[in-house]
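Presented below is the structure to which this report refers.
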Amino acid sequence: MKAIEPWVESPLRTFLAESSARVVLLMTTAGQVVAQHGFTRSMDVMSAAALGAGIVASTAELGRTLGGGPLAELVHQGTRQGIFLASFDTPRGRWIALVVFGGESSLGLVQLFFGRMVTDLAVAAPVEEPRRAVLAEDFERDLNASLRALFGR
Amino acid sequence: MSTFLVEVLETICRTDGVRGALLVSAEDGLVVAEAAMEGLDAAPVAALAASLASRLTLATEAAGQSQPALIHLEATEGALFIATGEAGLLLVAVTEPDVNAGLVRLALLDAAGRLA
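Residue numbers (the numbering used here), protein chains in the order written: chain A, 1 to 153; chain B, 1001 to 1116.
Quick look at the structure:
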């Protein structure tokens, strides 16, 4: 498991252990990766994050078009594995979770422990520091640190 | 929710000590129908009962036995009964700790027969 923010690790680790999910990707609504488990290639993470964020944006708009609010979650149940995609509020803004689960888990278990992870993340989130001005040298350093955290390079 | 399914579940709830009954999709762990689940959150019960049934089925298959027809989990503050039904459905009863287990088993197996 790799996470940019260390405080995400414990709730995510608990979710993985309880739900038996195979792959988990946490990202912002803009598709910026926050944490991942189960991906081996950085390209796959980036693609999944971009597609997941796009799907959530599309379904939110579809929900509005159909006269309701944004859809809470989206599930694709395949023959060998299922995909659960949901957006949720955190103290750091709205995030998206993409979860892939197989026969060793179930949609009910993923939904149950996803709800608990959202609660755990809200509790674990540190008080946000005031925003600093973005400097070019900080940007480069922060970007490299994020890439190292996510892909171990 | 189907009236027939709720009627079947309510039959189980008439047994003394039964706090609620659920019909659960075994594969998904989702609630199909529920009855008398006051004070109980049906979704977690369904998810965990389906997971338990799935794991026990794997264990009995590994031991060369057939799928369990009825699972009885006893805890300090209550008990859980799970009967495997047709079409990938599970019948689940949540009971008080001092319930007559024989009567609950009969009610669950009878209900499973009605759903077949």
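Each residue gets a CB set at the ideal place from its N, CA and C atoms; glycine is no exception.
Whole-angstrom C-beta distance between residue j and residue i, which should lie under 8 Å
{"i": "A:A3", "j": "A:V110", "result": "The Cβ separation is near 19 Å, so there is no contact."}
{"i": "B:L1005", "j": "B:L1023", "result": "6 Å"}
{"i": "A:G63", "j": "A:L71", "result": "5 Å"}
{"i": "B:R1019", "j": "B:E1096", "result": "7 Å"}
{"i": "A:V34", "j": "A:V8", "result": "6 Å"}
{"i": "A:L25", "j": "A:G52", "result": "7 Å"}
{"i": "B:P1068", "j": "B:T1057", "result": "7 Å"}
{"i": "B:L1108", "j": "B:I1012", "result": "6 Å"}
Amino acids of chain A, ordered along the chain, whose beta-carbon sits closer than 9 Å to that of residue i
{"i": "B:E1061", "result": "Per Cβ cutoff of 9 Å: no residues; B:E1061 is ~13 Å from chain A at best."}
Three-way DSSP call (helix, strand, coil) for residue i in this model
{"i": "A:G115", "result": "helix"}
{"i": "A:R127", "result": "At residue 127 of chain A the sequence reads Val, which differs from the Arg that was named. The answer is coil: DSSP assigns A:V127 none of H, G, I, E or B."}
{"i": "A:A174", "result": "This structure cannot speak to residue 174 of chain A, because chain A is shown only from 1 to 153."}
{"i": "B:S1054", "result": "helix"}
{"i": "B:E1074", "result": "strand"}
{"i": "B:V1045", "result": "helix"}
{"i": "A:G93", "result": "strand"}
{"i": "B:T1015", "result": "coil"}
{"i": "B:A1111", "result": "helix"}
{"i": "B:S978", "result": "Given that chain B is displayed from residue 1001 to residue 1116, the structure contains no residue 978 of chain B and the question cannot be resolved."}
{"i": "A:T14", "result": "helix"}
{"i": "A:T29", "result": "coil"}
{"i": "B:G1020", "result": "strand"}
{"i": "A:L98", "result": "strand"}
{"i": "A:A21", "result": "coil"}
{"i": "A:S105", "result": "coil"}
{"i": "B:V1099", "result": "coil"}
{"i": "B:A980", "result": "In the structure as shown, chain B starts at 1001 and stops at 1116, and residue 980 of chain B therefore has no counterpart that could be examined."}
{"i": "B:E1061", "result": "helix"}
{"i": "B:E1038", "result": "coil"}
{"i": "A:S87", "result": "strand"}
{"i": "B:A1093", "result": "strand"}
{"i": "B:A1116", "result": "coil"}
{"i": "A:A145", "result": "helix"}
{"i": "B:A1033", "result": "strand"}
{"i": "A:A3", "result": "strand"}
Exposure label - residue i; buried when at least 16 CB within 10 Å
{"i": "B:S1051", "result": "buried"}
{"i": "B:T1084", "result": "buried"}
{"i": "B:S1002", "result": "exposed"}
{"i": "A:E61", "result": "exposed"}
{"i": "A:M27", "result": "buried"}
{"i": "A:H37", "result": "buried"}
{"i": "B:E1034", "result": "buried"}
{"i": "A:M43", "result": "exposed"}
{"i": "B:A1075", "result": "exposed"}
{"i": "A:P11", "result": "buried"}
{"i": "A:F101", "result": "buried"}
{"i": "B:D1028", "result": "buried"}
{"i": "A:M117", "result": "buried"}
{"i": "A:S105", "result": "buried"}
{"i": "A:L66", "result": "exposed"}
{"i": "B:S1066", "result": "exposed"}
{"i": "A:F113", "result": "buried"}
{"i": "B:A1087", "result": "exposed"}
{"i": "B:A1062", "result": "exposed"}
Within chain A, the residues that residue i reaches when beta carbons sit closer than 7 Å
{"i": "B:P1044", "result": "L112"}
{"i": "B:A1050", "result": "S106 and G108"}
{"i": "B:V1030", "result": "Looking at the sequence provided, one finds Leu at residue 1030 of chain B rather than Val. Correct list: L107 and G108."}
{"i": "B:E1027", "result": "S106"}
Contacts that residue i makes with chain A (C-beta to C-beta distance below 8 Å)
{"i": "B:G1078", "result": "Ordered by position in chain A, no residue passes the 8 Å Cβ test against B:G1078, which lies about 19 Å from the chain."}
{"i": "B:A1047", "result": "S106, G108, L109, Q111 and L112"}
Practice problem: Could you pull out every unbroken beta strand (DSSP E) segment of at least 3 residues lying fully inside the region 34 to 84 of chain A, listed in chain order? | Solution: Entirely contained in the region 34 to 84 of chain A, the beta strand (DSSP E) runs reaching 3 residues are, in chain order, 73 to 77.
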